[in-house]
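Everything below concerns the one structure shown next.
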Amino acid sequence: MSSSEKSAEELERELTERLTEGFMQEEDREVRERRMIPSKYEIRIQTTLDPIAEETMQYRKMAKEIDGRYDEYMNKIKRPESTDDTESR
């Protein structure tokens, strides 16, 4: 075995020891069960800017998409691809 293999094995053994030694803290069963139950409510916030659309427009300024996978999405939001003021005049 080379020295790099020995050091990797030793590092792995040391990591295993650190992860397995000591006492694990047990979580309160009731708290753990409560976390596992899915929430009945969902909070949605409407924003004026769509981060996907904004990022897509930035990428389209730099390069052309090969497959146009975001074309349908961009048509749904009905925003112009260019935010340049000269085009809107």
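Just so it is clear: in the sequence shown, position 65 is 65 by the UniProt record's numbering, and no numbers are missing. Beta carbons: idealized from backbone N, C-alpha and C, even for Gly. All values reported here derive from a predicted model rather than from experimental measurement.
Check residue i in the structure and name its three-state DSSP category.
| i | result |
| --- | --- |
| E30 | helix |
| T48 | coil |
| Y41 | coil |
| A63 | coil |
| E21 | coil |
How would you write the range of the alpha helix (DSSP H) that residue i sits in, first residue to last?
| i | result |
| --- | --- |
| I77 | D71 to I77 |
By Cβ distance, which residues of its chain are closer than 7 Å to residue i, with the 5 residues on each side in sequence left out?
| i | result |
| --- | --- |
| P51 | none |
I'd like the list of long-range same chain contacts for residue i, defined as Cβ closer than 6 Å, with 5 residues on each side in sequence excluded.
| i | result |
| --- | --- |
| E65 | none |
| D85 | With a pLDDT of only 46 at D85, under 50, the local geometry of the prediction cannot be trusted, and the value read off the model is given with reservation. Correct list: empty, nothing qualifies. |
Pull up the CB-CB distance for residue i and residue j, whole angstroms please, since I reckon it's below 8 Å.
| i | j | result |
| --- | --- | --- |
| A53 | I77 | 5 Å |
| Y70 | T47 | Not a contact, Cβ separation roughly 18 Å. |
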